[in-house]
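Input: a single structure, listed below in structure tokens.
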Amino acid sequence: MDTSLLVWIVLAPLLGAIMNGLLYFYHIKKEKVSDIYFSLIGTITPFISFLITLYLFLRMNDENIIFKQHLFTWLNVDKLNIEMAFLGDNLSIFMSMFVTFVGWLIHIYAIGYMKGDNGFGKFFAYFNLFLASMLILVLADNPIILFIGWEGVGVCSYLLIKFYYGNKENVLAANKAFIVNRVGDFGFLLGVVTLFFALGQVDLSFDSIEANLGNVSNELLLLSGFLLFVGAMGKSAQVPLYVWLPDAMAGPTPISALIHAATMVTAGVYMVARFHFLYVGIEQVGIFIAYIGAFSALFAAIIATRQTDIKKILAYSTMSQLGYMFIAVGLGFYSTGLFHVFTHAFFKAMLFMGAGGVIMALHHEQNIFKIAQHRATLPIIGTTFLIGVIAISGIPPFSGFFSKDAILAAAFQEGQYLIWAIAMFTAFLTAFYMFRMYFIVFVAPNHHDEHYVYTSKTITIPLLILAIGAVGAGFLNLPSIFGGNHFVDSWLGQLHSKHIHMDHITEYVLMALSVIVAATGIMAAYAKYANFDVSKPENETGLIGNKFYIDEIYNVLFVQSTKKLSTFIDKVIDEKIIDAFIMNSSIGFVNIGKKVAMIQNANVRFYAAFMLIGMTCVFIYLYITLGL
Numbered sequence: 000m001d002t003s004l005l006v007w008i009v010l011a012p013l014l015g016a017i018m019n020g021l022l023y024f025y026h027i028k029k030e031k032v033s034d035i036y037f038s039l040i041g042t043i044t045p046f047i048s049f050l051i052t053l054y055l056f057l058r059m060n061d062e063n064i065i066f067k068q069h070l071f072t073w074l075n076v077d078k079l080n081i082e083m084a085f086l087g088d089n090l091s092i093f094m095s096m097f098v099t100f101v102g103w104l105i106h107i108y109a110i111g112y113m114k115g116d117n118g119f120g121k122f123f124a125y126f127n128l129f130l131a132s133m134l135i136l137v138l139a140d141n142p143i144i145l146f147i148g149w150e151g152v153g154v155c156s157y158l159l160i161k162f163y164y165g166n167k168e169n170v171l172a173a174n175k176a177f178i179v180n181r182v183g184d185f186g187f188l189l190g191v192v193t194l195f196f197a198l199g200q201v202d203l204s205f206d207s208i209e210a211n212l213g214n215v216s217n218e219l220l221l222l223s224g225f226l227l228f229v230g231a232m233g234k235s236a237q238v239p240l241y242v243w244l245p246d247a248m249a250g251p252t253p254i255s256a257l258i259h260a261a262t263m264v265t266a267g268v269y270m271v272a273r274f275h276f277l278y279v280g281i282e283q284v285g286i287f288i289a290y291i292g293a294f295s296a297l298f299a300a301i302i303a304t305r306q307t308d309i310k311k312i313l314a315y316s317t318m319s320q321l322g323y324m325f326i327a328v329g330l331g332f333y334s335t336g337l338f339h340v341f342t343h344a345f346f347k348a349m350l351f352m353g354a355g356g357v358i359m360a361l362h363h364e365q366n367i368f369k370i371a372q373h374r375a376t377l378p379i380i381g382t383t384f385l386i387g388v389i390a391i392s393g394i395p396p397f398s399g400f401f402s403k404d405a406i407l408a409a410a411f412q413e414g415q416y417l418i419w420a421i422a423m424f425t426a427f428l429t430a431f432y433m434f435r436m437y438f439i440v441f442v443a444p445n446h447h448d449e450h451y452v453y454t455s456k457t458i459t460i461p462l463l464i465l466a467i468g469a470v471g472a473g474f475l476n477l478p479s480i481f482g483g484n485h486f487v488d489s490w491l492g493q494l495h496s497k498h499i500h501m502d503h504i505t506e507y508v509l510m511a512l513s514v515i516v517a518a519t520g521i522m523a524a525y526a527k528y529a530n531f532d533v534s535k536p537e538n539e540t541g542l543i544g545n546k547f548y549i550d551e552i553y554n555v556l557f558v559q560s561t562k563k564l565s566t567f568i569d570k571v572i573d574e575k576i577i578d579a580f581i582m583n584s585s586i587g588f589v590n591i592g593k594k595v596a597m598i599q600n601a602n603v604r605f606y607a608a609f610m611l612i613g614m615t616c617v618f619i620y621l622y623i624t625l626g627l
């Protein structure tokens, strides 16, 4: 019974997507359906998934068991055997817990945010499918099933980013996200294929791969590890495959919250952690991952300091925080990286949902300076937003402090002082640009008479629940120097993760430095923006304001060059070479055919003459060759 429940974690939101989809078709073809039905289906099904996951979590905690459900053999060809199976181990259940819980809260939030929208039912169908795809990814027992979920979240993100497809920019943003992710996905698929041929085995389950890695050459392990990480770079928006993430803000705010908090972008971190047994043996790739993470974190933080769109600031902050996670998993601290995934889900979902509330109150205005000029009184949103900003800045005792500090300590312990220094400077920038946004949106004086805006309970209640997580989630992995028991580290013991082992004095000093750096960033933001003249807004100008012109460079290097190559193939190779050759050849064959056709003239004497000539040629041949 318990094992069979595993598949229902996926089936619940999947059935929700199907029911909402069918109901929406009925809604547009036959008769109008109340939004209440879409809301109930859309929110109850994720909640069922959460309850099942919670039950399995409690069972595993009490009995120390692992759930595995085999459904059927999907493919069995020669040496390739792929089972449709789900795995409920400590890692997958840990991820499923907050994916379903945070996802459920975002679904509730979406009821208020999408109220009155013509595509209300369609949105919830896509939303449920998105969550189901992420759960397939998390619970997959082998990389092929994982890849199905991997592609599923990619397709759903495309559908949701371009949800308002009447706007050309939204469609272009969706196309950009889809294409960039396909680059990473191709790398992931090549990595899986490399593993398959290297192992030469029938079973591709994670347990089987781990058991047989000893038979694989180090060169192939390096190649497969690198290719798999290429997939992670695309999905988790790391340099150089990050350019889709800021543009993905074109979609409705609930999808922004879901993408950035609990699904999709965390898939890359999860995948690296799932293949921990592979990366343990190839530390070179691990160091590469850590440096990519550090550079991505710094790069995104620098860009965020000059952005004016509230959602894009949060998008770059997501990219930056993902960089921290990759620092951790790259250095072998898998549980530490996943702990930051966990805490980040709470405060980032809350920040995006708070931003959405502000955007709604200001009639879909997203420029922070224009928001400040027409500020409305939003007490719950303002308070929860401040909690989220403090948490992401790494101020104790909020959750972000404990997870981020552990990553900083991990880099220092491993002797990666450059990564540690980059991460520390990024922490300063994070506190600066996040409080810059907060001070401008909620604090800076303006000349507008503020008015109170009523906010739906479907928006405020999820914010309040997430605020509890943003404050208290860090205590689940409280350091031992504070009397903690490292619950998350213990729960994820299967990953054989490295842990922090340093003397208490060093640990206290590192913590103090982390807090001082964050506080310095906050004070710098306060000094410049707490009393900022919002009537004279900053513009996205200069090198940083234009995001280092990376989009323009990519446009020249890849987009325009591809277009020119395609035009050359079409106009020159296709038309002037291939078509010309085929046409000329065709004309020649037609002419030959016309000559040959002249033989068929219905003249008996003409045929008899040809027969005589033919027989004569045969006799001459026989005479010469056989001497007859």
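Going by numbering that gives the first Met the number 0, the sequence shown opens with residue 0, and the numbers climb by one from there. Where is the CB? At the ideal position from N, CA and C, for every residue including glycine. From a predicted model like this one, the values you see are computed outputs, not experimental measurements.
Neighbour-count burial assignment, residue i, 16 or more Cβ in a 10 Å radius
i	result
L257	buried
P444	exposed
I552	exposed
Q599	exposed
E82	buried
Q415	buried
Q283	exposed
A608	exposed
F85	buried
F618	exposed
C616	exposed
V508	exposed
N89	buried
I92	buried
Straight-line Cα distance separating residue j from residue i
i	j	result
Y620	M610	15 Å
A523	F438	11 Å
A410	A109	38 Å
S95	I281	28 Å
L477	H485	6 Å
N538	P396	35 Å
A517	F431	8 Å
N180	K234	6 Å
A293	L57	36 Å
M133	V152	6 Å
I379	F351	14 Å
F384	F567	52 Å
I64	D116	45 Å
I698	G544	Outside the modelled stretch of the chain, which goes from 0 to 627, sits residue 698, for which no answer is possible.
L39	Y164	26 Å
V470	A296	23 Å
Simplified DSSP state of residue i, which is helix, strand or coil
i	result
V452	coil
Q68	strand
E413	coil
L10	helix
F605	helix
M83	strand
L74	strand
N174	helix
N169	helix
N180	helix
N484	coil
### Query
Which runs of the alpha helix (DSSP H), 4 residues or longer, sit entirely within the region 195–257?
List check, alpha helix (DSSP H) in window: 205–211, 217–234 and 243–246.
### Message
Does the region 302–322 come into contact with the region 241–258, if we say contact requires no fewer than three beta-carbon pairs (one atom in each stretch) closer than 8 Å?
### Response
Here the region 302–322 lies against the region 241–258, with 3 or more beta-carbon pairs under 8 Å apart.
### Query
Fully enclosed by the region 261–341, which alpha helix (DSSP H) runs are 4 residues long or longer?
Taking 4 residues as the minimum length, the alpha helix (DSSP H) runs contained wholly in the region 261–341 are 266–273, 275–278, 282–303 and 309–329, in order along the chain.
### Task
Answer yes if the region 341–353 comes into contact with the region 384–401, meaning at least three C-beta pairs across the two stretches below 8 Å, and no otherwise.
They touch, by the three-pair rule.
### Query
Enumerated in chain order, which unbroken segments of the alpha helix (DSSP H) with a length of 4 residues or greater are wholly contained in the region 11–69?
34–62
### alpha helix (DSSP H) runs contained entirely in the region 83–158, provided each spans 4 or more residues
89–112 and 119–138
### Task
Would you list, in sequence order, the uninterrupted alpha helix (DSSP H) runs of no fewer than 4 residues that lie entirely inside the region 518–591?
541–544, 549–553 and 560–567
### Message
When you compare the region 119–126 with the region 24–42, are there three or more beta-carbon pairs, one atom per stretch, that lie closer than 8 Å?
### Response
yes
### Task
Pair every Cβ in the region 323–335 with every Cβ in the region 495–506, then say whether three or more of these pairs are closer than 8 Å.
yes
#### Entry: Touching by the beta-carbon criterion (3+ pairs, under 8 Å), the region 95–104 and the region 451–466
When Cβ pairs closer than 8 Å are counted between the two stretches, the region 95–104 is seen to touch the region 451–466, the count reaching three or more.
### Minimum length 4: unbroken alpha helix (DSSP H) runs contained in the region 388–446
398–412 and 416–437
### Query
Between the region 197–212 and the region 249–264, are three or more C-beta pairs nearer than 8 Å?
no
### Query
Just checking, does the region 184–199 make contact with the region 215–228 on the three C-beta pairs under 8 Å criterion?
yes
### Query
Are three or more beta carbon pairs between the region 357–365 and the region 260–276 nearer than 8 Å?
no
### Message
Could you check whether the region 137–156 touches the region 182–189, counting it as contact only if at least three pairs of C-beta atoms, one from each stretch, sit closer than 8 Å?
### Response
A contact exists between the region 137–156 and the region 182–189.
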